[in-house]
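**Q** Count along the sequence shown from 1, add 30, and you get the number used in the working numbering. Backbone N, C-alpha and C define an ideal beta-carbon position, used for all residues, glycine too. Structure incoming, see below.
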Amino acid sequence: NWDLRVEEMYRQLISNDPLLARAVIGHPQFGLPGHVVLARGVSAELQSQAAERVAEYLDEHADATWTNDVVYLLSQSDQPEHQQLVRQQFDDFALRGSVIVALARRPAETDRLQFQAGLHSPDIAVLQASVEALERLPASQDAEAQFDLLEAFRRLGADRQERTVRDRVVKLLQRNLGQDFGYRFDGKSDASQSDALARWTEHLKQRFPEVAEKRMQSAEQQQIELLSQLAAVDWSVGRPQSGQALFQKQACYSCHNTRTAVGPDLAGIGTRFSRDDLFAAIAYPNQDVSPRYNITLVETTRGKMLSGLVIYESVDGLTLLDSTNQTIRIEADEIDARHELSTSLMPAGLLDNLQPQDLADLYAYMESL
C-alpha cells in the first residue's frame, strides 16, 4: 500500500502549504496518468487544470494506460470532451465500475445501457449508482431492462444495507411496468418479498417469453453450455503471448499478481486446477469464494454503502480496497453497520464474446504462470 501512504503524506504537505499543490500541478511535466493522485484534495480550480493537462497527455499518447484515478478526475470536469473520453473507456473491464459511477453523476439517456450493466456489478457502490441514475431517467418498458432489474432484485438480500437498494430496484420495476405484486417496503416480512419475486418472475416470463428463455437459464444449463463451448476448442493452438494481451485487456491483471491485488496470485494456477474448473471459476465467480476474498459491506452513518476487501483495520477505522482498485478510508465513528458478503469482486461476463482461439490463448498464458 505504498501509493496510499505517499498520498496521505502529500495531502498533509499541501494542507500545511497550499502553494505546493499549485506548484506541482503547474509543473511543465505534470500530466501523466500516475500524477492524478497529486490532484486529490485540491481546489476545484486546480482539479480542472489537472484534468486539462491529463487529457492533453492522453490525446498525445494514444497508448497511455488509463487508471480509475484518471476516470474519476476527468469525470469531475465540466468539459464535454472529457466526459466523452470517460464514456469511451466503458469496454475496459478494469475501468467499467468507475466509468459507471462517473456517468451516474450526470445520467444521460445515451448511457442507459451502461447503467443496466451496472446492475450486475458485485460492487454495491456501483450497483447503487446505477439504480440512482436509472431513477433519474424516464421509465423504460424495454424487456432486457426489466430482466436486469429482476436479476438485481433476486441477488440483493434482506439485510438492511442491501434491502435499501433492493427496495429501489423494485420501485423501478413498478414504475416501468405499472405492477405491484405485494412487495412490502417496511422490511418486516421477507416472505412477502419472496412471493413478490416469484410473481415478478412469472409476469416477465409471460410478457417477454423470448427474452425470458434466453436470460433465465438454470445453473445446470449454463454449466452444460460452458462445457460444450470448451469442448469445441483446439487447445494445442494456444499462444501464450496473445493470451497475455487478452489477460490484460479483460482486466484480469489489475486484480491478480499486482501490489494492490484484490484477487489471489495466479502463479501455478494451471497445475492447481483442471482446465474445466479454471474456466468455470472465471465464468461463475460467485460459486465458490474463499473467505479470504469475501467482500465486506459497510453502511456509513450518512447512509452510504461501500464494499471491498479490508486491507487495513484499527480501532480508528478501516480501509477498503474496492473493485476499481480504489482505497477508501472509513473512520470508526462513521461506520453504522458492516457485514461480510459471500460474493466476489470478480465481475461476471469475462468470457462473453470470446472465440475458441481466444480461450486457447488465455489458457496457454495461464499455464505459463
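1. Give the single residue among Thr194, Leu43, Asp89 and Ile130 whose Cα lies nearest to the Cα of arginine 117.
2. Mind reading off the beta-carbon distance from leucine 234 to leucine 180? Whole number of angstroms is fine, and I expect it under 8 Å.
3. Tell me, which residues are paired with isoleucine 325 by DSSP?
4. Just the C-alpha distance for glycine 148 and glycine 127, rounded to the nearest angstrom, thanks.
5. What span of residues does the alpha helix (DSSP H) with leucine 157 cover, start to end?
6. Among the residues of its own chain, which have a CB less than 7 Å from the CB of glutamine 209, if the five just before and after it don't count?
7. Output the boundary residues of the beta strand (DSSP E) element that contains valine 340.
8. Quick one: using the 10 Å Cβ neighbour count with 16 as the cut-off for buried, is histidine 65 buried or exposed?
9. When you compare only the Cα positions, how much space is there between alanine 92 and glutamate 111?
10. Between the alpha carbons of arginine 205 and phenylalanine 215, how many angstroms are there, rounded?
11. How about glycine 300 and leucine 389: do their beta carbons lie closer than 8 Å?
12. CB-CB under 8 Å to alanine 81, same chain, minus the five flanking residues each way: which ones, in chain order?
13. Tell me which residues share the same chain as alanine 163 and place their Cβ nearer than 6 Å to its Cβ, disregarding the 5 neighbours each side in the sequence.
14. Could you have a look at aspartate 366 and say whether DSSP puts it in helix, strand or coil?
15. So which of Gln59, Met335, Asp153 and Ile358 has the shortest CA-CA distance to isoleucine 341?
**A** For this structure:
1. Numbered from its first residue, the sequence shown carries residue 117 at position 87. Checking every option, the nearest Cα to that of arginine 117 belongs to Ile130.
2. Here residue 234 is taken as the residue at index 204 of the sequence shown, counted from 1. Here residue 180 is taken as the residue at index 150 of the sequence shown, counted from 1. Correct: roughly 6 Å between the Cβ atoms.
3. Taking the first residue of the sequence shown as 1, we reach residue 325 at position 295. According to DSSP, isoleucine 325 bridges with Leu371.
4. If you number the sequence shown from 1, residue 148 lands on position 118. If you number the sequence shown from 1, residue 127 lands on position 97. If you draw a straight line from the Cα of glycine 148 to the Cα of glycine 127, it is about 7 Å long.
5. Residue 157 sits at position 127 when you count from the first residue of the sequence shown. Start and end: 154–166.
6. Residue 209 sits at position 179 when you count from the first residue of the sequence shown. These residues qualify, in order along the chain: His233.
7. The residue given as residue 340 occupies position 310 in the sequence shown. Segment 335–344, the beta strand (DSSP E) holding valine 340.
8. As a position in the sequence shown, residue 65 is number 35, starting the count at 1. Its Cβ being crowded by 16 or more others within 10 Å, histidine 65 is buried.
9. Here residue 92 refers to the residue found at position 62 of the sequence shown. Here residue 111 refers to the residue found at position 81 of the sequence shown. One C-alpha to the other measures close to 15 Å.
10. As a position in the sequence shown, residue 205 is number 175, starting the count at 1. As a position in the sequence shown, residue 215 is number 185, starting the count at 1. Near 15 Å, if we compare the C-alpha coordinates of phenylalanine 215 and arginine 205.
11. Reading the sequence shown from its first residue, position 270 is the one you call residue 300. Reading the sequence shown from its first residue, position 359 is the one you call residue 389. No, the pair does not count as a contact, with Cβ atoms beyond the cut-off.
12. Along the sequence shown, one-based indexing puts residue 81 at 51. Hits under 8 Å: Ala69, Leu103, Leu104, Gln106, Ser107, Gln109 and His112.
13. Taking the sequence shown and counting its residues from 1, one reaches residue 163 at position 133. Around alanine 163: Ala134, Pro137 and Phe145.
14. As a first step, residue 366 must be located in the sequence shown, where it is residue number 336. Reduced to three states, the DSSP call for aspartate 366 is strand.
15. For the purposes of this step, residue 341 is taken as residue 311 along the sequence shown, with counting starting at 1. Looking at the Cα atoms, Ile358 is the closest of the given residues.
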